[in-house]
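The next block holds one structure in the form of structure tokens; read it before the comments.
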Amino acid sequence: MTIEEAVLGELLSVVEETRNSQLDVERLQSQIDDVFCWIPWEKVDEVVRTQEAAFTSSDPSGIASVRRLAGSINDAITWHG
17 MTIEEAVLGE
27 LLSVVEETRN
37 SQLDVERLQS
47 QIDDVFCWIP
57 WEKVDEVVRT
67 QEAAFTSSDP
77 SGIASVRRLA
87 GSINDAITWH
97 G
């Protein structure tokens, strides 16, 4: 399923629930590519690992904090992947 298909599958019901008569479904549909993006989990994992490796600080607790956060992100990706 593409991002557009996923959004379109719910768009009408969301617009109806807002009760905003100024929302135009066709206009919203035409803007999907402008407001949604996709990045695969593998790429997120890669970016987090790269940034963690490149992170420097003179504060040991800052370094430890970044390492823990990066580890948690990578563990979550592995767990759910």
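Each residue of the sequence shown is one higher than the one before, starting from 17 at the first, in the working numbering.
Ideal Cβ positions, reconstructed from N, Cα and C, are used throughout, including at glycine.
- Within the model, the alpha-carbon separation for serine 29 versus histidine 96 is close to 29 Å.
- Following the DSSP letters along the chain, one finds proline 56 in no alpha helix (DSSP H), marked with neither H nor E.
- Here the alpha carbon of methionine 17 sits roughly 31 Å from the alpha carbon of glutamine 67.
- In this chain, the alpha helix (DSSP H) harbouring aspartate 91 covers 76-96.
- In the three-state reduction of the DSSP assignment, threonine 72 falls in the coil class, being assigned neither a helical nor a strand state.
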